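Data first, discussion second: the structure below is written as structure tokens.
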Amino acid sequence: MSASAPRAVTAICQALQEQIEHGLLSSGCKLPAERKLSEVFDTTRITLREALVQLEARGLIYREERRGWFISPPRLDYDLVERSHFHAMVRAQGREPSTQLLSAQRVPAPAMVCDCLGLAPLSSVVRISRARRIDGRLVLYVEHHLHAQYFPDILEQDLSLPLTELYALHYDIEYGRVRFEMAPTALYGDAAAALKVSEGSPGLRILRINEDRDGRVIDCDVEYWRHDAIRVQVEVG
0 MSASAPRAVT
10 AICQALQEQI
20 EHGLLSSGCK
30 LPAERKLSEV
40 FDTTRITLRE
50 ALVQLEARGL
60 IYREERRGWF
70 ISPPRLDYDL
80 VERSHFHAMV
90 RAQGREPSTQ
100 LLSAQRVPAP
110 AMVCDCLGLA
120 PLSSVVRISR
130 ARRIDGRLVL
140 YVEHHLHAQY
150 FPDILEQDLS
160 LPLTELYALH
170 YDIEYGRVRF
180 EMAPTALYGD
190 AAAALKVSEG
200 SPGLRILRIN
210 EDRDGRVIDC
220 DVEYWRHDAI
230 RVQVEVG
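In numbering that gives the first Met the number 0, the protein residues as written are 0 to 236.
Structural data, given as structure tokens:
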């Protein structure tokens, strides 16, 4: 990269950010191909890509594999205290949710899940994997790990329903206390494939360990979000 390249990267970032902030490039719209953008800014593909990566890190644009670059929509407010399920949370903010069931099966519990659920080594759990969208955009890959003892025959139930509804309807179980762990992460493997992003793309990992009203640890969820999709908030009274 030449000595002038950092200045070119800054100029490209400023120009595109200004267009986004003034609404000339609106939420969800597709940017021109990198070749075309390189011509517009009279720069190399390497310099242009550096600018796009910086804008992605700021949450202003995002990339989908084999589709190109898009303007990021507004972030969803994710309230850790509110116990609403995904679809209700999204609809309450005037957005349209959808969920795709990717897999549901009984599997050996990973060590992390054994630790979270208090299981003995080599125990099995029910793992339900889902990809979720907001306004048609893939934003979340989640793996639910259920304590199999508490949910017999759950694989025979309608897994398109929220788990909170299934728990209450078929097992008379309601959530009680919950513990969260959050950390920035890079998206790999199943998470990257489900969200259609490049391996190593930035993300946010949220581990949620759920108890029922009787204090039993009943399941744990591992959520992998696009880093620009949510704004986490907590209001303490």
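Glycine included, each C-beta is placed from N, C-alpha and C at the ideal position. Bear in mind the structure is a predicted one, so any value in this text is a computation, not a measurement.
C-alpha distance - residue i paired with residue j, whole-angstrom precision
i: cysteine 113; j: arginine 62; result: 35 Å
i: glutamate 20; j: glutamate 55; result: 15 Å
i: phenylalanine 150; j: valine 106; result: 14 Å
i: serine 25; j: alanine 108; result: 44 Å
i: alanine 110; j: leucine 47; result: 43 Å
i: glutamate 33; j: arginine 66; result: 11 Å
i: methionine 0; j: aspartate 76; result: Since pLDDT at methionine 0 reaches only 47, below the 50 mark, its modelled position is unreliable, and no value is offered.
i: lysine 29; j: aspartate 134; result: 15 Å
i: serine 97; j: valine 141; result: 13 Å
i: lysine 35; j: alanine 119; result: 57 Å
i: serine 122; j: isoleucine 217; result: 14 Å
i: threonine 9; j: glutamine 18; result: 14 Å
i: valine 52; j: leucine 23; result: 20 Å
i: arginine 74; j: serine 128; result: 23 Å
i: proline 5; j: glycine 93; result: 40 Å
i: cysteine 12; j: serine 200; result: 19 Å
i: arginine 126; j: valine 233; result: 28 Å
i: alanine 7; j: arginine 44; result: 12 Å
i: alanine 14; j: alanine 50; result: 10 Å
i: glutamine 156; j: serine 83; result: 21 Å
i: glutamate 95; j: glutamate 81; result: 19 Å
i: arginine 57; j: alanine 91; result: 26 Å
i: aspartate 171; j: aspartate 152; result: 14 Å
Residue i (DSSP reduced to helix, strand or coil)
i: aspartate 189; result: helix
i: isoleucine 208; result: strand
i: serine 123; result: strand
i: cysteine 219; result: strand
i: glutamate 55; result: helix
i: lysine 195; result: coil
i: leucine 15; result: helix
i: valine 231; result: strand
i: glutamate 180; result: strand
i: leucine 23; result: coil
i: alanine 110; result: helix
i: alanine 272; result: This structure cannot speak to residue 272, because the chain is shown only from 0 to 236.
i: leucine 158; result: coil
i: leucine 118; result: coil
Residue j beta carbon less than 8 Å from that of residue i
i: valine 124; j: alanine 147; result: yes
i: glutamate 64; j: serine 159; result: no
i: arginine 136; j: proline 72; result: yes
i: leucine 116; j: histidine 144; result: yes
i: glutamate 173; j: arginine 212; result: yes
i: glycine 27; j: phenylalanine 85; result: no
i: alanine 182; j: arginine 204; result: yes
i: valine 231; j: leucine 59; result: no
i: arginine 225; j: valine 89; result: no
i: leucine 186; j: glycine 175; result: no
i: leucine 154; j: glutamate 180; result: no
i: valine 177; j: asparagine 209; result: yes
Any non-hydrogen atom of the ligand ATP closer than 7 Å to residue i Cβ
i: leucine 206; result: The ligand ATP is not part of the structure shown, which contains no ligands of any sort.
Item to check | Touching by the beta-carbon criterion (3+ pairs, under 8 Å), the stretch 186-193 and the stretch 32-39 | outcome: no
Checklist entry - Which ranges does the alpha helix (DSSP H) cover as unbroken runs of at least 4 residues, wholly within the stretch 59-101, from first to last along the chain? => result 85-91
Checklist entry - If you scan the stretch 127-151 from start to end, which runs of the alpha helix (DSSP H) of 4 or more residues do you find wholly inside it? => result none
Item to check | Touching by the beta-carbon criterion (3+ pairs, under 8 Å), the stretch 161-170 and the stretch 100-120 | outcome: no
Checklist entry - For the 8 Å Cβ check, are there 3 or more pairs between the stretch 211-226 and the stretch 176-192? => result yes
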